[in-house]
Structure formats: C-alpha cells, structure tokens
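Novice: Going by my numbering, the sequence shown opens with residue 5, and the numbers climb by one from there.
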Amino acid sequence: MQSVQKIDIDDCETPQAQPRLLVVDDVADNRAILMRRLVRRGFEVVEAIGGQDALDKIAAESFDLVLLDIMMPDINGNEVLRRIRERFSEIELPVIMVTAKGLSDDVVESITLGANDYVTKPVDFAVALARIQSNLQRKLLADRLNQEKKSAESQAAELKVTVLKNETQLLDESNRRQQSEEQLRFLAFHDSLTGLLNRQGFNNALAETLEVTKRGEAETALLFIDLNLFKQVNDAYGHEVGDQLLAAVGARLSETIGEGMSVARLGGDEFAVITTAAHQPQMTMAMSDKVIEALGRPFEIAGHQLQIGASCGIACASDCANQAESLVKAADLAMYQAKGASKQTAVLFTPDMLTAQNQRRQMEQDLRHAVANGDLQLFYQPLVDMKTRKIVAFEALVRWLHPTFGMLPPDVFIPLAEEINVIDQLGNWVIRTACAQAAQWPCGIAVAVNVSPLQFRETSLLPTIINALSSSGLAPRRLELELTESTLLNQSDDLMRTLSSIRDLGVKLAMDDFGTGYSSLSYLERFRFDKIKIDKKFIQSMSASVETSAIVSAIINLSQTIGARTTAEGIETEEQFDQISERGCNQGQGYLFSRPVAATEIGALIDDYGCLQQLPIAGKID
C-alpha cells in the first residue's frame, strides 16, 4: 500500500498568517460557541448568519474552509453548497457540512453535491477540529503543488531562454513535481489516515462497478459498517489513540475482505465495501459475518487492549433500481436499523424500511409544524387527596391531534421531539399554557408539568418558568415540575444550579416513576424533592406480590422521613385505593378517579370531587 505523508498545517508556508474560516449558521448561539473555540485554536474566523450572507461573503472575500449548516431558513446549506461548487472545486474551497444527527438523506445529498466532510450536532469539537485540519492539509498541499508547478514552469522557460545545459536539474524537478502530483491525486481519492478509498474515491468506484455489473450476470451490493463503542474509546484515550484504532480497523478490514473488492472509509467511524457476485445478497451477508467477527476481536493500540465491534447494513442494487444514490441511502438505512436492533449484527435492506423512513420523515415534518403553529393540546388528569378524595392538583399531559393518525399520546411523539431538537420549544409551550390555564382554577389547585431531561440542557428553561408565572399570575407553589431519574444521570454543576434556582422561586419538584431506575435512592440523598411519585407498576402488582407491597410501604415511609409527599400513580380499583390509603400515601392518581380530560372539562370534575383549598391562589415573581 502506498504510504501517504501527513502534512502539518504549521509546517506549510501559506500566504496568510492564519487559516481563514467561514462559519455559516442561522442560530447565533451555535455560531458564537464554534467561533470562540476556533479562534482559541489560532484560526481567523468570519461568520455568516444565513445562506445568502454566506454566498455574498464568499463572492467578496477569500476563505480557506467553510463550516456550513444544512438546515437554514433562507437558503438551505445544500443549495449554498451547490452554488459554491459552481465556482470552487473541493480542493480550492473545502466545505464541511454541519447536520442534525440521523438526517442521513441530507448528508448523502451534501456529499453528492461536493461536500468534503460533515459533522453532526451537537458538535464534538475535537472531531470537528480534526476534520477541519485534515481538509486544510489537503488544500495547503494543493496550493503548494500549484506554486511549485508554476515555479517549475517558470524555471523551465528560463532554462529554454538561456539554453542552460543542466538537464539533470530539470529532470529532477520534473520528477519531484510528478511525484507531488501523484501524491495529490492519491489524496484526492484516498483517506490519509487508513489509505483506503475516501468518499470521493468510493463514489467513483461505485459508479464504475454499477456500470460494469449492469452488462453482466453479477450484481452489486453495498456493505456499510459502523463501529460500536468507538466514541467511548476516543473519549477515554484521546484522538491519537482513536486515529491509530481507525488505521488498524482499515488494515483488518482490507485483510478480511481480500483483493478484488473496494474498501472505503466514508468518514468518522463509518466504512463501506463494494461487492459483486452472482448470488446476492448471500455473499455479502456471509462477508458481513466475517467482518463482524474480525472487528469484534480486540485491538492492541498504544499498550491498550481495545474491544469495539461493528454493526452492518447491506443493500443490493436490484432493490434500488441500480442507482448509486438509492443504493447508498438503502445501505445507510439498513446500517442504522442494525445499530438500533443490537450490537454486533447485520441487517439487509428491504423496501418496507424506506416506507417506514418516509413515514417517519413525514411525522417529523408534521411535528415541527404542530410545535411551530401551536397545534397541540393539554389534557389534565386529577391528583386527589387520599383522605378526602378531593382534587388537589392536575397533571398536564400534552396531546397531538395528528391530521392522519388522530389524537396521539406523549409517549408516541415526545421521543421524536427530543430527537429532532424541538423538545425545548414544545416543553416551554407546555409550561406557559399550563400556568395560564391553572391560574383560572379555584382553591389554589396546583398543576404538575413533566420536564424532559433535554430541557435542562437549554438556558431557556428557567426564564420560561419565571415568565410563565409572572404573565399568568400563578403562585410559584402551585407549579410542580416532574423529573425522571434520567434527568439526574449527569449531575453537572449547571443542572444542580438550575434545580436550586427553580426551588428558590418556590416551585415544587417531584421525582416521577420512583423505583424504576437503579439509583433512585442516591438521588434522594443528593437533592431534596417535594414529592415522590410511586410508579404505577408497583401499585398494580401489590395484590399479587408481598414483595411489591413491602416496597411500596418502604417508599412511603422513606418519603415521610425526608419530609416529602407521595403520590401513587395508576390507581384503577377500590382495592388498590384502600391498600395505598392504609399505608399513609398522600395523593392518588389513576383511572379510578378520572382519565385525562380537556381543559374545558376541569370544572365538571371539580364539581364532582370538590377541591381541597391550597393557599396561596395567586403570586408574583419579581
């Protein structure tokens, strides 16, 4: 295998003191964070607030590399990329796309349009920096070769004019230039880290293979490979060890696949193999088993024994109309199915996967539209006092009236909202709406709102709570935020400060689904909660299990000891009510009292059950 010398940016003579980067993103916070970190690394950074602004700056100024967000409101990143490639080649102006995780179609389109690489949000800066440096190295090498070529041509002209006889020097210069050009051509189509084909080389090889197999009996198939646990290795041992591991993976892949087939590193920890055989997909499935076995064996890197593994996606050209773009999308989709199914497995693409993906993409678009336009509704389920059966609070439960699928509960679309990064906007809407509606209820009845763990990563949560209380006039003690154990898994200083600030407002905090995780007790030790909600699975199995009944009693006793109230979820029968009431639980919730109802039906529920006076009814946030 031809060796490729890695060029360090600091070793290259450039006309500029610093590499000049253009960061394009319509979100100011995203730009600011990325620019600040790049400047610290010695780059000169210019920002563009959108697609048109980026095109204007590129037309007027010179840049060494562009970091380009795909999702922008005026001109999306892929259209900006297309216009850039009308003027500049991939070597002349490298472009790295920034995309939300899971938007594989957008990434494939970007690469097809001529993107040099991509990174996913949230941006891992170390990975982004490595890809920036790699692309700048290629550009600097190309610039150097162009300068050398011009210099050589100038020298050759001078030699002809002055009739210099030193032909040996000219020959040496020509050979050196030829070697440099060969190295540049190699780098243009090969990955400098592994020596395998890069994405451009892969695209060329795939197009050639499809053209050849169209005329014969063999069929083309793609094997996409994604490394498991690679990020953990990178985080634990650093990027130098990570790079050595990738190089070792490339070598082991080449050894496993053998000669006659194209092996590529597409970027990051993703690899691909182009296969041809008369009997597909059997041959590629058998190959995937060999790949999974080979990459499952330990790697000895820098004195560390590293265990990773691989997930594989397989697609056949006959299922994709022998079209390269469709084949790549299909293999990529199958690979993500494999990662979701389990570690160390391979999945063969079937057309119904594409149907499911299209349905999901439509659901994503519908949810974005619903969140942006307020096409959501809040339903409320009462929490009753166990002694009087009077209503003391309502839990707000968001519902989505989908135009095709009807009324959808939160467990259907909340995970999707978290994946596509609209949970902050959705969650803030729930807080504002719940406070406004609860302010109209009598007796100082409280409202409980579920908060996603991802909302605590945003800076808007605390201001949203303050503004919602202030604008609605709802007393802070009437608002209760329900947190799951997953919120507390990463007990960062920022999280603990946010929770303390919320409690300082007078807002109550409840631990939801207590007992379902492994560390519930440890969280009670580290942070004070006003309420513990006992998960419904305990309530509904008390009659059949002495052990479960004892656990419920222990949770209630523990809550009383630490001064927290308890709410039993999922009460559906009078027997369950009696069992919970006898153990001293404060509040109950479940279908025995009421299913979740629309805000317009709350008055009727209060008339039926009555309400237990909770003071104060109103309050003020200064």
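Don't be surprised by glycine CBs; every beta carbon is placed ideally from N, CA and C.
Identify, in the order they occur along the chain, each residue of the same chain with its Cβ nearer than 6 Å to the Cβ of V3, setting aside the five sequence neighbours on each side.
Specialist: What the structure shows of the chain is the stretch from 5 to 626, and residue 3 is not part of that stretch, so it cannot be assessed.
Novice: To the nearest angstrom, how far is the alpha carbon of F303 from that of A251?
Specialist: For F303 and A251, the distance between alpha carbons rounds to 11 Å.
Novice: If we call anything under 8 Å between Cβ atoms a contact, is V402 one with A450?
Specialist: For V402 and A450, no; Cβs fall outside 8 Å.
Novice: Could you tell me which uninterrupted alpha helix (DSSP H) segments, each at least 4 residues in length, are contained entirely in the region 334-384, listed from first to last along the chain?
Specialist: Complete alpha helix (DSSP H) runs here, min 4: 355-377.
Novice: Would you check if the region 141-155 and the region 224-235 touch, i.e. whether three or more CB-CB distances between them fall below 8 Å?
Specialist: Contact fails: fewer than three Cβ-Cβ distances are below 8 Å.
Novice: Please go through the same chain and pick out, in chain order, the residues whose beta-carbon is closer than 8 Å to the beta-carbon of Q348, but skip the five residues on each side of it.
Specialist: Contacts found: N232, I296, G300, G313, A314 and S315.
Novice: Under 8 Å between the Cβ atoms of A4 and I278?
Specialist: The question about residue 4 has no answer here: the residues shown for the chain are numbered 5 through 626.
Novice: If you count every other CB in all the chains shown that lies within 10 Å of the CB of K537, and 16 or more means buried, which is it?
Specialist: Flag for K537 reads buried.
Novice: In the structure shown, what three-state DSSP assignment does W404 receive?
Specialist: In the structure shown, W404 sits in a strand (DSSP, three-state: E or B).
Novice: Taking Cβ to Cβ, would you say L140 is nearer than 8 Å to S114?
Specialist: No. Outside cutoff.
Novice: Quick one, which of P77, Q311, T260 and D336 has its alpha-carbon nearest C320's?
Specialist: The residue with the shortest Cα to Cα distance from C320 is D336.
Novice: Need the endpoints of the alpha helix (DSSP H) that D428 sits in, please.
Specialist: Segment I427 to A442, the alpha helix (DSSP H) holding D428.
Novice: CA-CA distance, N1 and T571?
Specialist: This structure does not reach residue 1, given that the chain is present from 5 up to 626, and the question cannot be answered.
Novice: Just curious, the beta strand (DSSP E) that I309 is in, first and last residue?
Specialist: According to the sequence shown, residue 309 is Gln rather than Ile. H308 to L310 is the extent of the beta strand (DSSP E) around Q309.
Novice: Throw me the rounded Cβ distance for the A568 and K541 pair, which I believe falls under 8 Å.
Specialist: Not a contact, Cβ separation roughly 20 Å.
Novice: What span of residues does the alpha helix (DSSP H) with V43 cover, start to end?
Specialist: Where V43 is concerned, the enclosing alpha helix (DSSP H) stretches over A32 to R44.
Novice: Mind reading off the beta-carbon distance from N326 to R269? Whole number of angstroms is fine, and I expect it under 8 Å.
Specialist: Actually they do not touch by this definition, with Cβ atoms about 25 Å apart.
Novice: Would you kindly work out how many angstroms separate the C-alpha atoms of W445 and S456, rounded to a whole number?
Specialist: When rounded, the distance between both Cα atoms is 25 Å.
Novice: For my contact list, I606 and G592 are in at a C-beta cut-off of 8 Å; report their separation, rounded to the angstrom.
Specialist: Not a contact, Cβ separation roughly 18 Å.
Novice: Are the region 577-585 and the region 360-374 touching by the rule of at least three beta carbon pairs closer than 8 Å?
Specialist: No, they do not touch.
Novice: Using DSSP's beta-bridge definition, name the partner residues of P386.
Specialist: In DSSP, P386 forms a bridge with F398.
Novice: Hey, could you find the ends of the alpha helix (DSSP H) S315 is sitting in?
Specialist: First-last for S315: A314 to C320, but that is the beta strand (DSSP E), not the alpha helix (DSSP H).
Novice: Going by the DSSP bridge assignment, what does T279 pair with across the sheet?
Specialist: Bridge partners of T279: A225.
Novice: Can you tell me where the alpha helix (DSSP H) holding N208 begins and where it ends?
Specialist: From DSSP, the alpha helix (DSSP H) with N208 extends over R203 to K218.
Novice: Does the Cβ of H194 have 16 or more other Cβ atoms within 10 Å, making it buried, or fewer, making it exposed?
Specialist: Per the 10 Å Cβ criterion, buried.
Novice: Here's the rule: buried if 16 or more other CB atoms are within 10 angstroms of the residue's CB, otherwise exposed. What is Q385?
Specialist: Buried, since its Cβ has 16 or more Cβ neighbours within 10 Å.
Novice: Expressed to the nearest angstrom, what Euclidean distance is found between the alpha-carbon atoms of T288 and D68?
Specialist: Rounded to whole angstroms, T288 to D68 spans 41 Å at the Cα level.
Novice: Could you check if M411 is buried or exposed, using at least 16 other CB atoms within 10 Å of its CB as the buried criterion?
Specialist: Under this definition M411 is an exposed residue.
Novice: M546 lies in the alpha helix (DSSP H); which residues open and close that run?
Specialist: Per DSSP, M546 belongs to no alpha helix (DSSP H) and is neither H nor E.
Novice: Contact defined as beta carbons within less than 8 Å: I believe L631 pairs with W433. What is the distance between those atoms, to the nearest angstrom?
Specialist: Given a span of 5 to 626 for the chain in the structure shown, any question on residue 631 remains unanswerable.
Novice: Would you identify the three-state DSSP class for D4, choosing helix, strand or coil?
Specialist: In the structure displayed, the chain extends from 5 to 626; residue 4 sits before or after that span and is not available.
Novice: Could you say which of A608, L371, L387 and T552 lies nearest to L596 if we only look at CA atoms?
Specialist: Taking only the C-alpha atoms, the option nearest L596 is L387.
Novice: Please tell me whether L478 and A443 are closer than 8 Å, where the distance is taken between their beta carbons.
Specialist: Yes, the Cβ-Cβ distance between L478 and A443 is below 8 Å.
Novice: Do V50 and L42 count as a contact pair if the criterion is CB distance below 8 Å?
Specialist: Their beta carbons are not under 8 Å apart, which means L42 does not touch V50 by this criterion.
Novice: Tell me the DSSP secondary structure of E576 in three-state form.
Specialist: Coil.
Novice: If you reduce the DSSP assignment to three classes, tell me which class Y595 lands in.
Specialist: Coil, per DSSP.
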